[in-house]
Amino acid sequence: MEQEGMVQEGMGHEQEPQPAARIYMDMARHGLKGPKPREALSKEGIEGAVEAGLGKVQPAPAGDVYGSPRERTGQSSVFRMYAEQLQHVTGWDFDPEEFVRWLEKGGLSKTETPFLNFQVGEGEYNKEFMENFLKGEYFKWITERSDAAALEFKQKPESVTPFSIQAGNVGSFIFAEVWAAYDRLGKGETVEPRVDFATSHQGVLESFLYKVIKKHSGDDLAAHLVESLNNQGFAENQGFSVEVKILDPHDPKAWNVTVVYGDTPFVLPSAEVLEIIKEGQDLKTALAELQK
56 MEQEGMVQEG
66 MGHEQEPQPA
76 ARIYMDMARH
86 GLKGPKPREA
96 LSKEGIEGAV
106 EAGLGKVQPA
116 PAGDVYGSPR
126 ERTGQSSVFR
136 MYAEQLQHVT
146 GWDFDPEEFV
156 RWLEKGGLSK
166 TETPFLNFQV
176 GEGEYNKEFM
186 ENFLKGEYFK
196 WITERSDAAA
206 LEFKQKPESV
216 TPFSIQAGNV
226 GSFIFAEVWA
236 AYDRLGKGET
246 VEPRVDFATS
256 HQGVLESFLY
266 KVIKKHSGDD
276 LAAHLVESLN
286 NQGFAENQGF
296 SVEVKILDPH
306 DPKAWNVTVV
316 YGDTPFVLPS
326 AEVLEIIKEG
336 QDLKTALAEL
346 QK
């Protein structure tokens, strides 16, 4: 997933305290899907997810898996997580959902969350959405136009996920993991490092990544992200990794997030992650006001 020109700038070298807890996440777009109506992973999608997952359980053991309500996402998370065990398996001629259900019976924790989902909007918004998707400029349109279009066409907040809402949803997903860790630490429990696997759809994770890069390194590098993704967004199984560090279990603001895209880390303090979440919530509120 290396991207030429994604050069990190302004990273300091200050020593930070040993964290009270670490959470790792491997986040990616789903693998190649099969035919409608289910759009579950195809055989090629399974093989691609396994290949993408090799080496991802370092530096901690595998944890939980997450996806949107669309089944191909949770399946992709599972096959990335079990990549080491499945890398030599060939001839996938069974239903991937049956395989996932079999693993769940053995204790696998798989969660569907709307934070990793997307909604295409209605009317003129949906028309613009589809036009730009089909001409290969979906992510460019998302970053430059979708927030304003949602307001212009008075979209229902439950029916649309433009740029700021998509980014805020991913931030909220990460924050939920952070808050669960704080809860356990507050009860005197130990939070062991683990790698959770989360899978979403084209445009969703990239929106969060764009805002992270913009806050960390400015507009130019964020714009380069759009160009480097050919204006459309992640390919199948492409994504980034996340490390959360909780620095003080008694201070709810003492945590940060490191997003690693390609070989470049972008570190945001908790306040800036919460800003991304708030920007999405503010847009939802504005859309709800337009419905009155």
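According to the working numbering, the residues represented by the sequence shown are 56 to 347, in order. C-beta: ideal position from N, C-alpha, C; glycine also.
- Task: May I have the straight-line CA-CA distance separating E167 from E327, to the nearest angstrom?
- Result: 26 angstroms
- Query: Shortest alpha-carbon distance to G243 belongs to which of V250, A117 and A235?
  - Reply: A235
- Task: Could you tell me which uninterrupted alpha helix (DSSP H) segments, each at least 4 residues in length, are contained entirely in the segment 92 to 146, listed from first to last along the chain?
- Result: 98 to 108, 126 to 136 and 138 to 141
- Message: I believe G241 touches P304 by the beta-carbon criterion, under 8 angstroms. Please report the beta-carbon distance rounded to the nearest angstrom.
- Response: 7 angstroms
- Item | Where D81 falls: helix, strand or coil (DSSP) | strand
- Should the segment 109 to 127 be regarded as contacting the segment 245 to 253, the criterion being three or more beta carbon pairs within less than 8 angstroms? yes
- Task: Assuming E298 contacts R77 (C-beta within less than 8 angstroms), just tell me the rounded distance between them.
- Result: 6 angstroms
- Task: Could you name each continuous beta strand (DSSP E) segment of 3 residues or more that falls completely within the segment 185 to 257, going from the start of the chain to the end?
- Result: 250 to 255
- Message: Taking the alpha-carbon of N292 as reference, which of Q73, P72, K88 and P74 has the nearest alpha-carbon?
- Response: Comparing Cα-Cα distances from N292 to each of Q73, P72, K88 and P74, the minimum goes to K88.
- Message: Would you call the segment 119 to 138 in contact with the segment 91 to 104, where contact means no fewer than 3 C-beta pairs closer than 8 angstroms?
- Response: yes
- Message: Per DSSP, what are the beta-bridge partners of F321 in this structure?
- Response: V314
- Query: What is the rounded straight-line gap between the Cα of A205 and the Cα of N311?
  - Reply: 31 angstroms
- Message: Assuming the contact rule is C-beta atoms closer than 8 angstroms, V259 and Q221 should be a hit. Round their C-beta distance to whole Å, please.
- Response: 5 angstroms
- Where do the N-terminal and C-terminal ends of the alpha helix (DSSP H) with E152 fall, by residue? P151 to K160
- To the nearest whole angstrom, what separates the beta carbons of T216 and F173, a pair I think is in contact under 8 angstroms? Taking C-beta atoms under 8 angstroms as the contact rule, T216 and F173 qualify, at a distance of about 5 angstroms.
- Query: By DSSP, does E76 sit in helix, in strand, or in coil?
  - Reply: The residue you asked about is not Glu; residue 76 is Ala in the sequence shown. Three-state DSSP puts A76 in a strand.
- Where does D81 land, buried or exposed, given buried means 16+ other C-beta within 10 angstroms? buried
- Item | Neighbourhood of G103 by C-beta distance below 7 angstroms, restricted to the same chain and skipping five residues each side | So the list reads G86, L87, E291 and N292, once near-sequence residues are dropped.
- Does DSSP put I331 in a helix, in a strand, or in coil? helix
- Cβ atoms of G226 and I399: under 8 angstroms apart, would you say? The structure shown does not extend to residue 399, since the chain is modelled only from 56 through 347, so no value can be given for it.
- Message: Which of the three DSSP states is assigned to T166 in this structure?
- Response: strand
- Measure the CB-CB distance between R135 and F252 and report whether it falls below 8 angstroms. yes
- Local Cβ density within 10 Å of E64, reported as buried at 16 or more and exposed below that: With a pLDDT of 40 at E64, under the threshold of 50, the predicted position of this residue should be treated as unreliable, and no value is reported.
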